[in-house]
Amino acid sequence: MKIIYIFLLISFTNASSQSLQEKLSTAMEKLATDSQFLHASMSMYVVETKTGKTLYSKNEELGMAPASCQKIVTSISAFEMLNKNFTYKTTISYDGNISNGILSGNIIIDGSGDPSLGSWRWPQTKRELLFARLLAALKKKNINKIQGGIYVNDLNFSFQPLPDGWIWQDIGNYYGAGAWGFNWNENHYDLNLRPGKNKGDETAIISTSPIDLKNEITNLLTTGAKGSGDNAYIYAAPFSDHLFVTGTIPAGEEKFSVSGSMPNPPLYFAKTLTEYFSKNNITTNGVAESNSNILMKKSRAPLSMQRMDSIISPTLDSINYWFLKKSVNLFGEAFVKTIGYQKIKQGNTDSGIAIIRNFWESRGIDKSSLKIIDGSGLSPANRITTKALVSMLQYATSKNWFPSFYNALPIINGIHMKDGYINGVRSYSGYIKNSNGIEHIFSFIINNFDGNPGTVREKMWHLLDILK
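Residues in the sequence shown are numbered from 2 upward in steps of one, following the working numbering.
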């Protein structure tokens with residue numbers, strides 16, 4: 002009797018699994034005939050978490066543009082190679098001597114690539130507290146006057162802040178902020194605008210904050226229809242001193258803000274700090290520089306001599322929480338460069354990516370399935386397979402840091418999963434538990450779809466609902 006019961010249980014389980022496979026297969030076949038996907042590429046891979054058994058596969062070895070699902074690669078790699086308790090350290094130093102409240106030298110701030118410095122996401126990292134702490138460091142040394150200037154060392158990371166492959170339309174906007182050797186305020190500023198009353202009217206720049214770029218921006222924005230939303234794009238390159246903004250912002254708003262990426266965060270920090278000190282009655286000689294700017298001038302930067310203070314970042318698992326939860330591209334690019342710097346003292350994207358690819362190859366994931374060129378998925382040139390993503394997600398389940406990783410995944414459509422979207426790409430990867438308590442790991446990517454991305458999202462969610 003017991004043997005018959007076990008046989009029936011196994012048969013029922015297999016039948017249920019087969020039924021789920023059939024439902025997924027039917028749903029994917031239906032999607033393939035949808036007019037939005039006639040010229041699209043689709044890939045999906047699903048395994049049972051506990052056993053690793055494949056439940057469904059379609060084009061799982063096809064390289065796909067993953068968009069922000071690539072953040073899964075960066076996140077898991079950072080946990081493994083940097084440790085969940087890893088922190089960044091920014092040091093405040095000076096050279097010269099202090100006498101009678103006067104520093105006969107310079108203030109030097111050495112960055113470590115900390116992407117959380119001055120961020121609004123943690124109480125202890127906020128911009129206002131950062132400046133207050135720097136002022137307190139001077140007060141503690143009884144410094145009332147600086148005969149030298151303010152210098153920011155941003156060269157622990159490479160001179161090039163952006164990964165190759167990012168497009169011109171992206172890099173001037175907040176989500177296109179690169180990772181510098183010194184980052185602050187997430188390398189982000191707000192452009193505050195006043196639209197016209199009617200569609201087609203000119204717009205006016207009110208201000209920029211926290212840095213003043215008003216005189217450096219050519220405003221080509223016009224007013225769109227009421228309720229048309231943010232259709233503005235800022236165009237700017239790293240180190241540039243001129244920006245322009247195009248597109249439309251909606252009518253009917255008293256004030257409308259769009260966000261951009263600072264073209265030179267270390268330099269703007271040095272200038273802003275100089276102004277802050279002046280407002281607090283500490284004068285300098287007016288020189289505010291970054292080491293990368295000095296490098297371009299083929300000059301020489303002062304060296305740190307006496308340390309006054311060190312600022313420690315939140316732990317990596319805390320930074321990763323926002324990296325995945327809010328898809329902050331800057332954090333991923335900083336992680337990649339940090340891996341390069343910590344492992345071989347080369348804080349550049351290419352070195353970090355090479356280390357990541359070698360790491361996963363040593364764990365059975367073919368390099369050719371992981372053709373990536375950045376840490377965030379913003380470049381449309383990235384290619385990764387859904388099988389590789391699922392393999393990494395399954396690898397993570399056995400690690401002691403897994404709860405931190407899992408809890409950082411957004412909950413979308415009731416599923417713990419990372420989503421991704423760039424032009425023509427929708428992607429979802431994560432963990433889903435069905436009503437019977439069985440959990441599956443999946444990755445589902447569509448490239449080159451046509452039409453409204455919102456309807457693509459709904460169709461993909463409907464398919465994923467089969468796994469619930």
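Beta carbons are placed, not taken as given, at the ideal position from N, Cα and C, and that holds for glycine.
Computed from a predicted structure; not experimentally measured.
As assigned by DSSP and simplified to three states, the class of residue i
i: T219; result: strand
i: G261; result: strand
i: F332; result: helix
i: Y432; result: strand
i: Q161; result: coil
i: I354; result: helix
i: S377; result: coil
i: L371; result: strand
i: T456; result: helix
i: D318; result: helix
i: A397; result: helix
i: N186; result: helix
i: G228; result: coil
i: T14; result: Residue confidence is low: T14 scores 46 on pLDDT, short of 50, so the model does not pin down where it sits. No coordinate-derived value is stated.
i: N174; result: strand
i: T91; result: strand
i: I340; result: helix
i: I481; result: Because residue 481 is not part of the residues shown, which for the chain are 2 to 469, the question remains open.
i: T386; result: coil
i: S210; result: strand
i: T27; result: helix
i: M461; result: helix
Which residues DSSP lists as bridging residue i, in chain order
i: L104; result: I99, I147
i: V153; result: I110, S291
i: Y503; result: The structure shown does not extend to residue 503, since the chain is modelled only from 2 to 469, so the question has no answer here.
i: G64; result: Paired residue(s): none; G64 is not in a bridge.
i: A205; result: R195
i: R427; result: Y422, I447
i: G348; result: F158
i: T284; result: K146
i: I412; result: H417
i: I313; result: K90
i: G119; result: K127
Sequence-distant residues of its chain with Cβ nearer than 7 Å to residue i (five each side left out)
i: A355; result: none
i: T204; result: L194, R195, P196, G197, N220, L222, T223, T224, I250
i: S17; result: Because the pLDDT of S17 is 49, which lies under 50, any placement of that residue in the model is unreliable, and the question is left without a value.
i: Y6; result: Confidence at Y6 is low in this model, with a pLDDT of 44, below 50, so its placement is unreliable and no value can be given for it.
i: N199; result: T224, A252
i: S105; result: G97, N98, Q148
i: H417; result: Y407, L410, G431, Y432
For residue i, the first and last residue of its enclosing beta strand (DSSP E)
i: A237; result: Here A237 belongs to no beta strand (DSSP E), and DSSP marks it neither H nor E.
i: D420; result: 416-423
i: M306; result: Note, M306: premise wrong, no beta strand (DSSP E); not H, not E.
Endpoints, alpha helix (DSSP H) assigned at residue i
i: P251; result: Careful: P251 lies outside any alpha helix (DSSP H), inside the beta strand (DSSP E) at 244-251.
i: F1; result: Any answer about residue 1 is impossible in this case: the structure gives the chain only from 2 up to 469.
i: L194; result: From DSSP, L194 is part of no alpha helix (DSSP H) but of the beta strand (DSSP E) over 189-195.
i: A138; result: 128-141
i: R364; result: Counting along the chain, R364 falls outside any alpha helix (DSSP H), and DSSP gives it neither H nor E.
i: T75; result: 72-83
i: P404; result: 403-409
Close Cβ partners of residue i (< 6 Å) along its chain, the five nearest in sequence each way excluded
i: Y46; result: S58, E61, T387, K388, V391, S444
i: P411; result: K326
i: L464; result: A28
i: L10; result: Note that L10 has pLDDT 42, beneath the 50 cutoff, so the model's placement of it is unreliable and the number below is only indicative. Once the five neighbours on either side are set aside, L10 has no close Cβ partner at all.
i: W123; result: P315
i: K434; result: E440
i: S12; result: The predicted position of S12 is uncertain, since its pLDDT is 41 and thus under 50; a value taken from the coordinates is nonetheless stated next. So the list is empty, once near-sequence residues are dropped.
i: E362; result: K368
i: N414; result: W462
i: D191; result: S210, S258, S260
i: F270; result: V153, W185
i: F183; result: G112, V153, D155, P267
Other residues of its chain near residue i: CB distance less than 8 Å, five sequence neighbours each side excluded
i: Q125; result: P315
i: K3; result: At K3 the pLDDT is 46, less than 50, meaning the model places this residue with poor confidence; the figure from the coordinates comes in the next sentence. So no residue of the chain qualifies.
i: N15; result: Residue placement at N15 is poorly supported in this model, since its pLDDT is 46, which falls under 50; the coordinates are not used for a value here.
i: S94; result: I108, I109, I110, D111, S305, M306, Q307, R308, M309
i: I374; result: P164, D165, G166, T350, I354, S380, A382, N383
i: S405; result: F80, K85, D318, N321, Y322
i: K460; result: L32, D35, Q37
i: M393; result: I73, V74, I77, W361, I366
Closer than 8 Å to chain C by CB, residue i
i: K469; result: The chain labelled as chain C is not found in the depicted structure, where only one protein chain is given.
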